[in-house]
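First up is the structure itself, then whatever we jot down about it.
Numbering (my numbering), first residue to last: 563 to 657.
Now the structure itself:
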């Protein structure tokens, strides 16, 4: 995890190996703010090698597929996957 200002990870999350979570690009292009907070809800499962980029909010109970690049918000209880990540299924549960 790379945190410049704000990354919050909720309770009961499962985060696999080689996951990148970052709230910053660490540089600014054309004057745009290089940082934006990342919020990960409770009971979120993040698969191996996934990348969660700045400004993303992940809802409670969501699942991020291995190798995904998440650049936009993830709804609660959604399975998100791909490059760039998109909603594959909603209403998922995991244990």
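Don't be surprised by glycine CBs; every beta carbon is placed ideally from N, CA and C.
Same chain, Cβ closer than 6 angstroms to residue i, five either side skipped, listed in chain order
i           : result
residue 629 : 611
residue 617 : 598
residue 566 : 585, 586 and 597
Proximity test, residue i beta-carbon vs the ligand MN heavy atom, cut-off 6 angstroms
i           : result
residue 651 : Only the bare structure without any ligand can be found here, which leaves the ligand MN out of the picture.
Local Cβ density within 10 Å of residue i, reported as buried at 16 or more and exposed below that
i           : result
residue 582 : exposed
residue 645 : exposed
residue 603 : buried
Three-state class that DSSP yields for residue i in the structure shown
i           : result
residue 615 : coil
residue 603 : coil
residue 586 : strand
residue 597 : strand
residue 642 : strand
residue 647 : strand
residue 576 : strand
residue 571 : strand
Residue-level contact to chain D via CB, residue i, 7 angstroms cutoff
i           : result
residue 590 : The structure shown contains no chain D; it holds only a single protein chain.
Residue i versus the options, residue with shortest Cα-Cα distance
i           : options               : result
residue 657 : 642, 607, 647 and 578 : 607
residue 586 : 623, 614, 576 and 627 : 614
residue 625 : 568, 589 and 652      : 652
Own chain residues within Cβ distance below 7 angstroms of residue i, not counting five before or after
i           : result
residue 635 : 618 and 619
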